[in-house]
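See structure below.
There are 2 protein chains.
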Amino acid sequence: MTKARKSRPGDGTLVIIGGHEDHDGDRLILKEVAGLIPDGRLVLATIASDEPEGYLEKYRNTFGELGVNDVSELYVRDRPDASNEEHIRLLDDIRAVFFSGGDQLRITSQIGGSAIGDRIMAIYRDGGLIAGTSAGASMMSETMLVKGSSSSSFRTGDVRMAPGLGLLPNVIIDQHFAERGRIGRLIGAVSQNPRELGIGIDEDTAIVVQNEEFRVIGSGGVYLVDASGVTHSDVADAETSTTASVHDLKLHVLSAGDRFDLRTRRPIAEARSKEHS
Amino acid sequence: MTKARKSRPGDGTLVIIGGHEDHDGDRLILKEVAGLIPDGRLVLATIASDEPEGYLEKYRNTFGELGVNDVSELYVRDRPDASNEEHIRLLDDIRAVFFSGGDQLRITSQIGGSAIGDRIMAIYRDGGLIAGTSAGASMMSETMLVKGSSSSSFRTGDVRMAPGLGLLPNVIIDQHFAERGRIGRLIGAVSQNPRELGIGIDEDTAIVVQNEEFRVIGSGGVYLVDASGVTHSDVADAETSTTASVHDLKLHVLSAGDRFDLRTRRPIAEARSKEHS
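This is the structure in structure tokens:
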């Protein structure tokens, strides 16, 4: 039982968005988020941004049109703010939090291991909704990609990682995935420890995680990079400037409607056909 | 025997370059090409380009510095040129041809099924060297990628393919691979017929093909996408504007020194360690 708890820190729902979710067209993703808010109240956490001006208005407009009229903002300028009673009180009775984009390291360095960080985890553990886009997606994973060249093959030593908030254990999440050509850096990251599954999420695309399964929504693709069957990898030996070699990676590309089991690391075939019928 | 011949149309060497090979620094790739020219004579085929001015000078300079002093140009402005005696004579006794970049469809539409096309194949069949960069790399494969969005996930119907010159059968080659975020389109291409192995080559990186094996040279990575074990793919069913789903692709990332067996579709482990010793 302890083990099951460990691999599933929350009974709630995560919506992990690859950035640039649509605000003007069909708004598939934000519509889904709106439908998952338990009580019509949402806190927009703009912590990832240095200059969060304008975010609240933008999300308030879109969510308002989707029937969610109680949207308030949580901003943390520096670390003491994250233990400040007034800030913590913003999360009282809140059951849904949406993290907007910016720098994932701002989120974790400001609220990781703080009272606010604990509250976020508690909301998720108690069945609430935590959604995040771009930096707000990256920070959900146990280990978080911080930096690393996009649009080039992985050079050992070129990927910087840091601990994420750990809402979703055993995975490394990357966002803006196809758009920024990030397959190389995600392969580099998971090859360093294949215990973690790589999840690359395209823009205007999201995974909705419940009970250690997820389904894909939105217009793009989701890439699963599984290095657990790798037969050769030189990430530990090679010079840091050398392109890495990794043999026998498994790759799945999923799109809207597809489901995936995070325990078995397998796409769920039946659910998909059911969805189509 | 007929089958073996079919899967190996030539006894020569192919150097297939992902574009932007270095001309000023260590020139690893062009040095390799220079060393493979059997008799010090090279024909530069600038056919892929609409405006080939300057190419001959550039390659003559670099190859001259590498000890290859007899570099002449083959250009074909339109299709009749490809059967023109004067043009064909340029290839008399030539045992090495280098295709520069541009548009792969220019190469195949001008010389595919022509006397010059036949001569190129004969040079390769008889043990000569055919090298090509960028468009000159793409055209080597049996089926050639012509168009398809880079830096986005594959949408069914978004990839245009055409017959290549077929120097390397059973593969689809893509170039500028990590740099232009092309994993999505290569997955899309090979998923349409997993008989063909996808080979994505980074810039300043090449594969040197001999006897149905290749080794990697240069500074970047080479991606092998093998769809033969795919358990689910909707490329035949989905709407052309829909992102495709493909489960259980196999992916290898290779780098300088790695070898790969095209018959078994496996990296060659021993050769690599030998190379390192």
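Chains as they are written, first to last, in our numbering: chain A, 3 to 279; chain B, 3 to 279.
We put the CB at the ideal spot given by N, CA and C, even for glycine.
These numbers come from a predicted model, not from an experiment.
Exercise. Quick one, which of Phe65/A, Gly14/A, Ile201/A, Leu30/A has its alpha-carbon nearest Arg43/A's?
Worked result: Closest option to Arg43/A, judged by alpha-carbon separation, among Phe65/A, Gly14/A, Ile201/A, Leu30/A: Phe65/A.
Exercise. With contact counted as at least three CB pairs below 8 Å, one residue from each stretch, are the stretch 171-178 of chain A and the stretch 165-175 of chain B in contact?
Worked result: Flag = no, the stretch 171-178 of chain A and the stretch 165-175 of chain B do not touch.
For this session: Could you tell me if the beta carbon of Leu58/B falls within a distance shorter than 8 Å of some heavy atom in the ligand NAD?
Result: Summarising the ligand content, the structure contains no ligands, and the ligand NAD is consequently not present.
Exercise. Hey, which unbroken runs of the beta strand (DSSP E) at 3 residues or more fall wholly within the stretch 47-110 of chain B?
Worked result: The stretch 47-110 of chain B contains these whole beta strand (DSSP E) runs: 72-76, 98-101.
Exercise. What is the residue span of the alpha helix (DSSP H) that Val227/B lies within?
Worked result: First-last for Val227/B: 224-228, but that is the beta strand (DSSP E), not the alpha helix (DSSP H).
For this session: Check each candidate in Leu58/B, Ser154/B, Glu88/B, Ser74/B and name the one with the smallest Cα separation from Ser243/B.
Result: Comparing C-alpha distances from Ser243/B to each of Leu58/B, Ser154/B, Glu88/B, Ser74/B shows the shortest one belongs to Ser154/B.
Problem set entry | Min CB distance Val161/B to chain A below 9 Å | Using a CB distance cut-off of 9 Å, Val161/B does not count as an interface residue toward chain A.
Problem set entry | Same chain only: Cβ atoms within 6 Å of Asp13/B, ignoring 5 sequence neighbours per side | Hits under 6 Å: Gly129.
Exercise. Using the beta-carbon of each residue, which ones in chain B are nearer than 9 Å to Val17/A?
Worked result: What Val17/A touches in chain B: nothing, since even the nearest Cβ is about 18 Å away.
For this session: Examine chain A for any beta-carbon lying closer than 9 Å to the beta-carbon of Thr48/B, and answer yes or no.
Result: Judged by the 9 Å Cβ criterion, Thr48/B is not in contact with chain A.
Exercise. Residues of chain B with a CB under 7 Å from the CB of Ser247/A: which are they?
Worked result: For Ser247/A, the C-beta contacts it makes with chain B under 7 Å involve Val255, Leu256, Ser257, Asp260, in order along the chain.
Exercise. Which residue's Cα is closest to the Cα of Ser221/A: Asp228/A, Val161/A, Asn213/A, Ala208/A?
Worked result: Among Asp228/A, Val161/A, Asn213/A, Ala208/A, the Cα nearest to that of Ser221/A belongs to Ala208/A.
For this session: Mark Lys252/A as exposed unless 16 or more other C-beta atoms lie within 10 angstroms of its C-beta, in which case mark it buried.
Result: Buried is the label assigned to Lys252/A, since at least 16 other Cβ atoms lie within 10 Å of its Cβ.
Exercise. Arg127/B by DSSP, collapsed to three states: which one?
Worked result: In the structure shown, Arg127/B sits in a helix (DSSP, three-state: H, G or I).
Exercise. Which one of Val232/A, Phe100/A, Arg261/A, Val224/A has the shortest CA to CA distance from Lys60/A?
Worked result: Comparing Cα positions, the closest option is Phe100/A.
Exercise. Looking only at its own chain, which residues have a Cβ that is under 7 Å from the Cβ of Glu277/A, when we skip the five neighbours before and after it?
Worked result: Any reading at Glu277/A is ruled out, since the residue's pLDDT is 45, under 50, leaving its predicted position unreliable.
Problem set entry | Beta-carbon proximity check, Gln177/A vs Gly21/A, cutoff 9 Å | Between Gln177/A and Gly21/A, the C-beta spacing is below 9 Å.
Exercise. So the beta strand (DSSP E) Ala208/B belongs to, where does it begin and stop?
Worked result: Annotation for Ala208/B: the continuous beta strand (DSSP E) segment containing it runs 207-212.
Problem set entry | Every unbroken alpha helix (DSSP H) inside the stretch 136-204 of chain A [4 residues or more] | For the stretch 136-204 of chain A, whole alpha helix (DSSP H) runs of length 4 or above, ordered along the chain, are 137-140, 185-193.
For this session: Have a look at Leu256/B, His249/B, Arg268/B and flag the residue whose alpha-carbon is nearest the alpha-carbon of Arg267/A.
Result: Cα-wise, what sits closest to Arg267/A is His249/B.
Exercise. Going by Cα to Cα distance, which pick from Leu16/B, Arg121/B, Ser136/B, Arg187/B is closest to Asp105/B?
Worked result: Nearest of Leu16/B, Arg121/B, Ser136/B, Arg187/B to Asp105/B, Cα basis: Ser136/B.
For this session: Identify the contact partners of Pro40/B in chain A, using a Cβ-Cβ distance below 8 Å as the criterion.
Result: None at all; the shortest Cβ gap to chain A is about 30 Å.
For this session: Provide the residue(s) that pair with Asp263/B in DSSP beta bridges, ordered along the chain.
Result: In DSSP, Asp263/B forms a bridge with Glu215/B, Arg268/B.
Exercise. What first and last residue would you give for the alpha helix (DSSP H) that runs through Ile31/A?
Worked result: Ile31/A -> alpha helix (DSSP H) spans 30-38.
Exercise. From Asp24/A to Gly231/B, what does the alpha carbon distance come to, in whole angstroms?
Worked result: Roughly 35 Å separates the two Cα atoms.
Exercise. Start and end of the beta strand (DSSP E) containing His254/B?
Worked result: Boundaries of the beta strand (DSSP E) harbouring His254/B: 248-256, taken from the DSSP string.
Exercise. According to DSSP, is Ala133/A helix, strand or coil?
Worked result: Strand.
For this session: Give the DSSP-derived three-state secondary structure of Gly21/B in the structure shown.
Result: In the structure shown, the three-state DSSP call for Gly21/B is coil.
Problem set entry | Leu16/B (DSSP reduced to helix, strand or coil) | Annotated three-state conformation of Leu16/B is strand, per DSSP.
Exercise. Per DSSP, what kind of secondary structure is Gly220/B in: helix, strand or coil?
Worked result: Here Gly220/B sits in strand by DSSP.
Problem set entry | Of the listed residues Glu198/A, Leu256/A, Met163/A, Leu76/A, nearest to Arg121/A (C-alpha basis) | The shortest C-alpha to C-alpha distance from Arg121/A to any of Glu198/A, Leu256/A, Met163/A, Leu76/A is the one to Leu76/A.
Exercise. Does any C-beta atom of chain A lie closer than 9 Å to the C-beta of Met146/B?
Worked result: No, Met146/B lies away from the interface with chain A (no Cβ there is under 9 Å from its Cβ).
Problem set entry | Residue-chain proximity (Ile185/B, chain E), Cβ-Cβ < 9 Å | Here chain E cannot be found, since the structure's protein chains are A and B.
Problem set entry | C-alpha gap between Arg265/B and Glu215/B, whole angstroms | The alpha-carbon of Arg265/B is positioned some 8 Å away from that of Glu215/B.
For this session: If I'm right that Phe179/A touches Gly150/A with Cβ under 8 Å, what's the distance once you round it to whole angstroms?
Result: 13 Å between Cβ atoms; not a contact.
Exercise. Do you know whose CA, among Thr110/A, Asp72/A, Glu53/A, lies nearest Leu93/A's CA?
Worked result: The option with the nearest alpha carbon to Leu93/A is Asp72/A.
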